[in-house]
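Protein chains in written order, with this note's numbering: chain A, 909 to 1022; chain B, 2 to 270. We treat Cβ as the ideally placed atom computed from N, Cα and C, and that holds for glycine. For reference, the structure is listed below as structure tokens.
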């Protein structure tokens, strides 16, 4: 099913931090993982991932370091920090509360107008 | 703007980033991403031309990406960071320089002890010329005084005596005392103690008084600042026409005020 892209735009930070929660990843890995986990629903423009990552780094939610892969490619890995985990927790709670409210409206049986 | 190739796309992005030192890293990171995607397409059997088109389409608008990256690579913060790094280096180098080389060439006008080089020790009763007898005695007076946060010492002094009896056919002896006056301070930014040069007066055991150069009445004390270290200043002073009978001479740095009890005594005999 095609999903409205605008639903994605406000929550890319939440998605990116969620993907980094368990292990450090490099940019391309984040993109492929995001596509895989969301069954290709979230195909964000790949270039736009990097400003998000660099912003997160500025805010100290992630730290980065470069490492060489087996194929000799130098990859920049991003790792979530303690304050990043806290921020992620906050964003998740926000998201859950938001979903709940949307569901309350969308799933609630329609009352007859009086 | 449409990018035709990967490097094209990357150049458009990087041109948007105003903080130039960060461009290289951004270029490398994005280039890597695109190369990995290209390699995946190659494995899937997609032709090179089609792969390029796919990659460029997937990356998105380079101008937008560049603008967003520029926002997270703020030039003023970056330059500030660079400037502070360089300032630290320059200050460190200046400190090392000041430690290694205490001499300030602009003020190094020593009369006897020139610059940081050691004093030329003359033998006593060194015969300078047939008609003139010259003798010099080197002292290392053990005296210390405090004045306005400065610790004053005299690392060395030297009494030069000329006996001009031979030429004048009279018993004419003149003596000049040269000395290094050192003013140390705990703070490297302490003010230059100019008063030492102009206000120092002296008195000797015979009761003779030597004016400061500020008063400019003979006999006076003359001199110049000669060395500037991180924690000290040095002056070379000289007192001409010293009484040759004097057993000691006492310096009053900072002037002859009654309140001022700062004394530095050089034992001459």
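Taking residue i as the query, report the chain B residues whose CB atoms sit under 8 Å from its CB, ordered along the chain.
i             : result
residue 989/A : Chain B residues near residue 989/A: none, gap ~17 Å exceeds 8 Å.
residue 956/A : 61, 65, 66, 69
If you measure between the beta carbons of residue i and residue j, is that distance less than 9 Å?
i             : j              : result
residue 148/B : residue 254/B  : yes
residue 181/B : residue 236/B  : yes
residue 992/A : residue 969/A  : yes
residue 977/A : residue 984/A  : no
residue 944/A : residue 986/A  : no
residue 998/A : residue 926/A  : no
residue 7/B   : residue 36/B   : yes
residue 922/A : residue 1000/A : yes
residue 230/B : residue 99/B   : yes
residue 982/A : residue 924/A  : no
residue 202/B : residue 252/B  : yes
residue 83/B  : residue 142/B  : no
Find the residues of chain A that neighbour residue i, judging by a C-beta separation of less than 8 Å, and give them in chain order.
i            : result
residue 37/B : 936, 981
Mind reading off the beta-carbon distance from residue i to residue j? Whole number of angstroms is fine, and I expect it under 8 Å.
i             : j             : result
residue 158/B : residue 179/B : 7 Å
residue 144/B : residue 269/B : About 13 Å; that fails the 8 Å criterion.
residue 267/B : residue 250/B : 5 Å
residue 256/B : residue 213/B : 7 Å
residue 200/B : residue 215/B : 6 Å
residue 58/B  : residue 38/B  : Contact doesn't hold; Cβ gap of about 11 Å is too wide.
Since residue i is in the beta strand (DSSP E), which residue starts that stretch and which ends it?
i             : result
residue 249/B : 249-253
residue 976/A : 970-976
residue 941/A : Looking at the DSSP string, residue 941/A is not in any beta strand (DSSP E); the run it does join, the alpha helix (DSSP H), is 935-945.
residue 931/A : No beta strand (DSSP E) contains residue 931/A, which DSSP labels as neither H nor E.
residue 152/B : 151-164
residue 182/B : 174-185
residue 205/B : 202-205
residue 265/B : 265-268
residue 1/B   : A question about residue 1/B goes unanswered here, because the residues of chain B that appear run from 2 up to 270.
residue 58/B  : Run containing residue 58/B: none in the beta strand (DSSP E); it sits in the alpha helix (DSSP H), 49-60.
residue 145/B : 145-148
residue 227/B : 223-229
Go through its chain and collect everything with a Cβ distance to residue i's Cβ below 7 Å, but skip five positions before and after it.
i             : result
residue 11/B  : 28, 31, 32
residue 24/B  : 15, 18
residue 184/B : 151, 153, 194, 197, 233, 234
residue 241/B : 177, 220
residue 13/B  : 2, 4, 63, 64, 67
residue 218/B : 212
Using a Cβ-Cβ cut-off of 6 Å (strictly less than) and excluding sequence neighbours within five positions of residue i, which residues of its own chain qualify?
i              : result
residue 17/B   : 67, 68, 71
residue 42/B   : 52
residue 243/B  : 176, 178
residue 1008/A : none
residue 20/B   : 74, 76, 79
residue 131/B  : The pLDDT assigned to residue 131/B is 49, lower than 50, so where the model puts this residue is not dependable; a value taken from the coordinates is nonetheless given after this. Result list for residue 131/B: empty, nothing under 6 Å.
Excluding the 5 residues flanking residue i on each side, which residues of the same chain have their C-beta closer than 8 Å to its C-beta?
i             : result
residue 989/A : 968, 969, 970, 971
residue 939/A : 952, 954, 957
residue 929/A : 988, 993, 996
residue 263/B : 146, 147, 148, 153, 253, 254, 255
residue 56/B  : 7, 35, 38, 39, 42
residue 965/A : 971, 972, 986
Between which two residues does the alpha helix (DSSP H) carrying residue i extend?
i             : result
residue 40/B  : 24-45
residue 962/A : 957-966
residue 68/B  : 63-73
residue 995/A : 990-1014
residue 19/B  : Unbroken run through residue 19/B: none, as it is neither H nor E.
Counting only Cβ pairs nearer than 8 Å, list the residues of chain D close to residue i.
i             : result
residue 186/B : This model lacks chain D altogether, as its protein chains are A and B.
If the cut is a Cβ gap below 7 Å, which residues of chain B does residue i touch?
i             : result
residue 944/A : None at all; the shortest Cβ gap to chain B is about 13 Å.
Flag residue i as yes when its Cβ comes closer than 8 Å to any non-hydrogen atom of the ligand COA, and as no otherwise.
i             : result
residue 249/B : What this structure holds is no ligand at all, so the ligand COA is not there to describe.
Name the chain B residues whose beta carbon is nearer than 9 Å to that of residue i?
i             : result
residue 994/A : Chain B residues near residue 994/A: none, gap ~21 Å exceeds 9 Å.
Find the residues of chain A that neighbour residue i, judging by a C-beta separation of less than 7 Å, and give them in chain order.
i            : result
residue 12/B : None at all; the shortest Cβ gap to chain A is about 13 Å.
residue 73/B : 959, 962, 963, 966
residue 30/B : 935, 958, 984
For residue i, return the contacting residues in chain A, with the cut-off set at a CB-CB distance below 9 Å.
i            : result
residue 81/B : Chain A residues near residue 81/B: none, gap ~14 Å exceeds 9 Å.
residue 34/B : 934, 935, 936, 939, 954, 955, 957, 958
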